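Residue numbers for the sequence shown, in this note's numbering: 31 to 845.
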Amino acid sequence: MRFGYFDDDHREYVITRPDTPLPWINYLGSQTYFGIISNTGGGYSFYRDARLRRISRYRYNNVPFDYGGRYIYIRDNRAGCFWSPTWQPVRGTLDAYTCRHGMGYTVISGTRNGITAWIRYFVPLDETLEIWQLTVTNGRAETADLSLFSFIEFCLWDAWDDATNYQRNFNTGEVEVEDDVIYHKTEYRERRNHFAYFACSEPLQGFDTQREDFLGPYRGLDNPLVVERGRSANSITTGWVPIGSHHVQISLEPGESRQVIFVLGYHENPKDQKFDPPDSQRINKQTVKPIIARYLDPAQANAAFDRLHTYWDEILGVLQVETPDPDTNRMVNVWNAYQCMVTFNMSRSASFFESGIGRGLGFRDSNQDLLGFVHQAPQRARERILDLAATQLQNGGAYHQYQPLTKRGNDAVGSGFNDDPQWLILGVAAYLKETGDWSILDEPVPYENEPGTEQPLYEHLQRSHRYTLERLGPHGLPLIGRADWNDCLNLNIFSEEPGESFQTAPLKMDGTVAESIFIAGLFSLASKELAAIAEARGLAGEAARYRQAAAQMETTVWQHGWDGDWFLRAYDAFGHKIGSHTCQEGQIFIEPQGICILAGMGVDDGRARQALDAVHDRLATEHGILLQQPAYSRYYVHLGEISSYPPGFKENASIFCHTNPWIMIAETMIGRGDRAFDYYKRINPSARESISELHRCEPYVYAQTIAGRDTPRHGEAKNSWLTGTAAWNYVAITQWILGIRPTYQGLEIAPVIPSTWPGFRAVRKFRGVTYRIEVRRQGPGNTVSLKLNGVPIHGHIVPLPSEGTREVTVEVTVE
Ligand code: BGC
Ligand code: NOJ
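Below is the structure:
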């Protein structure tokens with residue numbers, strides 16, 4: 031069953047009924063001011079950091095779901111009734127409803143009794159504000175006398191404190207209302223120099239800033255007293271709960287439309303110019319007023335929207351494909367690329383499933399996000415790499431997370447996830463291949479954000495490499511530490527405390543025994559990348575040492591990490607195998623099969639094929655590939671969080687989508703394009719659209735997990751949007767199945783496509799040159815030959831064209 035459809039031409043997903051199985055959300059904002067918005071107007075906004083600078087309030091895990099948002103109430107003043115055109119929060123009957131989620135904007139429109147309201151929400155580029163463009167149209171045969179009430183509930187900045195510290199918070203709330211603009215200025219009197227504002231383009235009939243006065247006692251957002259009676263209270267909050275609500279009264283002739291613009295924004299003043307007059311307590315509004323005035327003007331708002339559109343044209347224009355498969359086309363051309371930008375911006379901080387107060391930016395997460403993002407905005411990728419590297423520890427380890435506002439490592443989570451440092455190498459390699467900007471390696475970058483400790487970025491990579499070599503266990507495999515990619519394989523924790531976080535619990539074992547075959551694979555892969563980087567820097571000896579380290583690790587894996595038919599997962603703190611046919615549960619894990627093969631292990635000698643056949647036979651389901659089997663049926667203290675989940679969920683044998691593309695890539699590496707693409711389709715959200723009632727999450731973005739076959743909810747997705755699945759699937763389909771990958775020498779084109787495809791077309795912009803690529807299948811295999819501008823060339827890599835070349839054509843024959 032579907033709840034909407036893709037409008038490919040407009041790059042929108044159109045939701046046609048408001049009661050989707052879960053809130054289906056979108057993101058507003060591209061640089062510093064962000065928000066999430068659901069198909070019924072729910073969600074919140076923040077500046078830079080979803081925890082520390084929350085602008086509006088949202089109630090996670092409320093009933094009903096998705097409570098708090100950017101709401102408009104429409105009141106028919108003659109009939110005395112009211113509704114929400116976004117359906118929530120009133121949830122009355124609408125005669126028509128659509129929500130169009132697009133690239134950085136959402137348009138919701140709702141009709142009732144002939145009155146149509148159309149609201150476009152977006153954040154202009156380079157601004158710290160959002161615009162709600164509302165157009166109300168009277169489709170009735172008689173004049174309509176309407177009241178419009180806006181509503182936003184302000185958050186007192188630190189979302190964690192806001193949700194817990196009421197003894198203080200019910201006293202601090204402060205606002206100002208000046209020239210019909212509502213200013214939220216809680217804590218501005220003391221150490222903050224930022225405030226929020228909420229403005230409206232029309233003269234007001236009234237306003238409210240105190241929640242209790244707006245709602246009335248014991249009423250919810252579905253039935254505010256002010257809206258019911260059609261008159262604002264003109265309340266000024268002191269303490270309690272600050273909100274912003276405008277009341278606009280309009281009269282519309284039959285067929286008449288009226289546009290009303292609301293602007294919600296964030297603004298900072300210089301610390302010494304906070305007040306006006308200087309010795310008063312009133313906000314200095316001189317710098318913000320012109321900004322407000324600009325965007326309340328419909329022409330300016332439209333122009334800002336057009337700029338946003340152009341921005342996305344350019345970003346998506348870096349790679350466009352035309353394959354025989356519509357699900358592939360729309361994911362590659364639009365939605366998967368878009369999700370890569372969102373994961374880059376958000377890491378794992380703010381979604382419907384991530385509350386924005388739990389996690390900042392993850393070290394391993396953000397490095398992987400770069401893989402799918404780097405071509406979209408290389409300059410931003412560069413900055414992110416330097417920020418991430420600055421949280422690295424002197425010993426090469428890494429803070430597992432950092433807060434985007436402060437850019438400092440998060441002490442609460444700490445470090446000791448032993449895979450972390452390797453991902454930095456992969457992130458940097460991806461950046462270098464895309465841009466050829468070798469200067470980044472010479473950038474001085476501190477350790478642990480400590481001024482004075484700066485070393486060139488290249489040295490950070492060297493330390494990443496050494497970190498693993500200095501932490502090998504009894505079999506010569508990398509020690510796992512707190513965990514590796516699988517945050518829930520906690521082999522040194524032995525937690526017995528109810529509720530204790532596996533991410534922060536003290537290690538009970540000294541960590542000198544438990545080893546990870548996953549890190550072994552990752553280390554080999556990263557060492558080969560580092561060798562190529564060293565070579566390009568003219569460090570042949572060093573490059574040889576990295577290659578030697580990768581080879582040595584591979585030998586160790588064959589000795590101690592191969593179970594006979596597939597790669598083992600780990601050794602536990604007693605030196606026992608995990609992920610072996612000799613185990614009762616957890617006999618085979620997906621991660622090492624993927625990553626060891628990505629590192630090249632077994633590709634030439636049949637063992638990769640053997641491992642991938644085992645994956646196919648034991649882990650593949652119609653909804654995707656499971657993380658491990660058999661699922662753990664009870665809690666094992668020596669395994670940790672992985673066994674805390676009921677079978678079939680999350681790390682305990684769900685389809686953990688992030689890992690599936692590793693298998694797709696591995697399949698292409700042994701030439702099995704049909705199988706790679708089959709796996710790709712199983713989790714492609716667009717291809718799952720017709721089973722939305724089962725899948726439940728948005729059909730336009732990947733979710734972190736799809737419930738595994740050990741649960742009756744098999745096929746149900748969770749944790750949509752913020753997942754490494756976005757970047758890795760993008761890499762799998764574009765770089766390995768379609769086979770278009772940046773290399774140091776030029777653009778490589780080596781497709782491993784399904785046998786039934788006659789070919790495909792692509793346009794790729796790479797280092798300032800547009801490549802028009804036409805792939806034709808002329809035989810059943812994967813042998814590729816290239817013609818550049820009609821002339822045959824040797825190998826798979828199109829050498830970088832000479833200076834000044836803007837465009838080339840590449841004909842690719844696959845046989
Ligand atoms: C989840 C993991 C996540 C970790 C980090 C665990 O509860 O299962 O997927 O990576 O928390 O917060
Ligand atoms: C989600 C985390 O963000 C990611 O870092 C981790 O690798 C996976 N969960 C698997 O545990």
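Just so you know, even glycine gets a beta-carbon here, dropped at the ideal spot from N, CA and C.
If you're wondering where the values come from, they're calculated on a predicted model, not measured in any experiment.
Out of 786, 803, 758 and 359, the CA that lies nearest to the CA of residue 394 is found in 758. Distance from the C-beta of residue 671 to the nearest heavy atom of the ligand BGC is below 7 Å. Under the three-pair Cβ rule at 8 Å, the region 728-747 counts as touching the region 676-689.
Of all C-beta pairs linking the region 254-273 to the region 187-202, three or more are shorter than 8 Å, placing the two stretches in contact. When secondary structure is reduced to three states using DSSP, residue 689 falls in the helix class. Spanning the alpha carbons of residue 820 and residue 643 requires a straight line of approximately 40 Å. In this structure the region 161-174 touches the region 274-294; the number of beta carbon pairs closer than 8 Å is three or more. DSSP lists no beta-bridge partner residue for residue 739.
For residue 817, the beta-bridge partners assigned by DSSP are 822 and 841.
Taking the Cβ atoms as the reference, residue 55 lies roughly 7 Å from residue 73, within the contact range of under 8 Å. Around the Cβ of residue 433, a 10 Å sphere holds 16 or more other Cβ atoms; the residue is buried. In the structure shown, the three-state DSSP call for residue 305 is strand. With a cutoff of 7 Å, residue 395 counts as near the ligand NOJ, since its C-beta is closer than that to a heavy atom of the ligand.
Put simply, the backbone Cα of residue 388 is about 12 Å away from that of residue 377.
In the same chain as residue 374, and ignoring 5 residues on each side of it, the C-beta atoms closer than 6 Å to its own belong to 399 and 403, in chain order. In the three-state reduction of the DSSP assignment, residue 132 falls in the strand class. Using a cutoff of 7 Å, the CB of residue 678 does not count as near the ligand NOJ, since none of the ligand's heavy atoms is closer than that. If you ignore the 5 residues before and after residue 711, its C-beta comes within less than 6 Å of the C-beta of 717, all in its own chain and listed in chain order. Here residue 776 is buried. Its C-beta has 16 or more other C-beta atoms within 10 Å. When 658, 153 and 817 are compared, the shortest CA-CA separation from residue 341 is found for 153. Here the distance from the Cβ of residue 91 to the nearest heavy atom of the ligand NOJ is not below 7 Å. In the structure shown, the three-state DSSP call for residue 364 is helix. The beta-bridge partner set that DSSP reports for residue 422 consists of 428.
By the neighbour-count criterion, in which 16 or more other beta carbons inside 10 Å mark a residue as buried, residue 93 falls on the exposed side. Nearest to residue 675 by C-alpha distance, out of 657, 384, 691 and 689, is 657. Straight through space, the alpha carbons of residue 483 and residue 420 are spaced by roughly 10 Å.
Comparing C-alpha distances from residue 371 to each of 102, 133 and 500 shows the shortest one belongs to 133.
The residues 554 and 631, in chain order, have a CB closer than 6 Å to that of residue 584 in the same chain once the five nearest residues on each side in sequence are set aside. Cβ contact annotation for residue 148 (same chain, cutoff 6 Å, sequence separation greater than five): 139 and 165, in chain order.
Counting only unbroken stretches of 3 or more residues, the beta strand (DSSP E) elements lying wholly within the region 157-209 are 159-168, 174-187 and 205-208, in sequence order. Annotation for residue 551 indicates a beta carbon at 7 Å or more from all heavy atoms of the ligand NOJ.
Residue 727 has its Cβ no nearer than 7 Å to any heavy atom of the ligand BGC.
The Cβ atoms of residue 597 and residue 547 sit closer than 8 Å to each other. Considering only 339, 692, 506 and 248, the residue with the shortest C-alpha distance to residue 59 is 339. Annotation for residue 576: 495, 557, 558, 560, 561 and 564 place their beta carbon closer than 8 Å to its own, counting only its chain and skipping 5 residues before and after. Remark: C-beta atoms of residue 266 and residue 318 do not approach each other more closely than 8 Å.
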